[in-house]
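Numbering (full-length UniProt numbering), first residue to last: 1 to 373. All C-beta atoms, glycine included, are put in the ideal place defined by N, C-alpha and C.
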């Protein structure tokens, strides 16, 4: 079965050309498919998939989490204004001239030690961001904007160290920068994601109800886990990601994207844990995919992912020789969901290939059953 698909970060859409399509997670069963361009939508990216919009303002217009599209748009306008010497009239995405969530420094409890600690963390994060050059001209341009954004958020936090939205947006910049790293520089990508996780942790400490932070934090952890294969370290990271997806769903139960990614995290974890724990985790993953589909009946990613996990369960059941459910029934269910995903997105080569596989398996099982009868 081809790779399952995941939902992208909240607020991280449309950096340059409006690419909103998901990337794909590790395959459960290998299938060779030909690479081809999708005529209707851009094919999956290589880290995460389409995300929901960032939540609405949490208070004043100048203190809220922004989508990456808003962030980049505002920064471009600010840069053009600065270049022409005009910049007084248009309102920035960062509130007043002091940046996101800026506040008077009077009354701040920021100690000298805290300032030094913050400065140290700031230097590490900024050095990492500035080290990213992008793999092409478009990537270079995007990274310059991200670097400028990071400086804005650092200034905002210096003015108001208790602003969760500034930490959230800074984390988002770090996470986007990780996506902009050369594919061969895995250590740089991992370091950027680690720093993003620290910023999300601080954002959620300051605002425990910030759904987007938990959701994007989980994606950052999951990306770090993927880089570690099927190791003990990866297992611990997947467990952390799952806990954050669970928290995100608790804060926003009406999020099919979070439920889908929660299911994928469980599916990945099931491939690492001891065999005795696998089936319980898989069954929980199935319940998350079903819950996502109940919220959004045409959510083709969750539908496809449910088909892949059922296919994997059918294979495990057949190998075990002690099936709780007939493998034939599981293969048939898998075919139904993969066919539904294909019907929703017929131009997806991944779905076409998976459909051919499940059809052939169902036909094979049916022919064997007829012979036995």
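- The alpha carbon of residue 133 has as its nearest neighbour, out of 185, 211 and 256, the alpha carbon of 185.
- Shown here for residue 199: same chain residues with a beta carbon closer than 8 Å to its own, the five before and five after excluded, namely 125, 167, 168, 170, 171 and 174 in chain order.
- Between residue 313 and the set 347, 207, 281 and 360, the nearest pair of CA atoms involves 281.
- Selection 180, 131 and 205 evaluated against residue 164 yields 205 as nearest (Cα-Cα).
- By a beta-carbon distance limit of 8 Å, residue 359 contacts residue 335. Their separation comes to about 6 Å.
- Counting along the chain, the unbroken alpha helix (DSSP H) around residue 200 starts and ends at 186-206.
- Shown here for residue 249: same chain residues with a beta carbon closer than 8 Å to its own, the five before and five after excluded, namely 255, 258, 259 and 262 in chain order.
- With contacts defined by Cβ atoms closer than 8 Å, residue 357 and residue 337 do not form a contacting pair.
- Counting C-beta pairs with one atom in each stretch, the region 262-274 and the region 216-235 have three or more that are closer than 8 Å, which means they touch.
- The three-state reading of DSSP puts residue 318 in helix, counting H, G and I together.
- Taking the CA atoms as reference points, residue 330 sits about 48 Å from residue 140.
- Excluding its 5 nearest sequence neighbours in each direction, residue 355 has C-beta neighbours in its own chain below 7 Å: 338, 339 and 342, listed in chain order.
- In the structure shown, residue 163 falls within a coil segment according to DSSP collapsed to helix, strand and coil.
- Distances from the CA of residue 349 to each of 264, 304 and 297 were compared; the closest alpha carbon is that of 304.
- Taking the Cα positions, residue 223 is about 12 Å away from residue 196.
- Here residue 192 is not near residue 203, since their CB atoms are 8 Å or more apart.
- Residue 260: member of the alpha helix (DSSP H) spanning 256-270, first to last residue.
- For residue 309, the secondary structure class from DSSP, reduced to helix, strand or coil, is helix.
- Our two residues, residue 243 and residue 215, have alpha carbons roughly 10 Å apart in a direct line.
- Distance check between residue 241 and each of 275, 279 and 201 places 201 closest, using alpha-carbon atoms only.
- Nearest in C-alpha terms to residue 274, of all of 231, 294 and 247, is 231.
- Counting C-beta atoms within 10 angstroms of its own C-beta, residue 333 has 16 or more neighbours from the protein chains shown and is therefore classed as buried.
- Judged by beta-carbon spacing, residue 285 lies beyond the 8 Å limit of residue 293, meaning their Cβ atoms are not closer than that value.
- Nearest neighbour of residue 145 by Cα position, chosen from 327, 346 and 180, turns out to be 180.
- Ranked by Cα distance from residue 296, the options 321, 265, 148 and 253 are led by 253.
- Take residue 239, set aside five residues on each side of it, and the residues of its chain with a beta-carbon closer than 8 Å to its own are 269, in chain order.
- Take the alpha-carbon of residue 151 and the one of residue 129: they are about 10 Å apart.
- The DSSP-derived three-state label of residue 233 is helix.
- Contact annotation, residue 300 with residue 251: C-beta distance approximately 25 Å; criterion of less than 8 Å not satisfied.
- For residue 295, the enclosing alpha helix (DSSP H) has its first and last residue at 275-295.
- Secondary structure at residue 210: coil, using DSSP grouped into helix, strand and coil.
- Looking at the backbone, the Cα of residue 277 and that of residue 182 are separated by about 37 Å.
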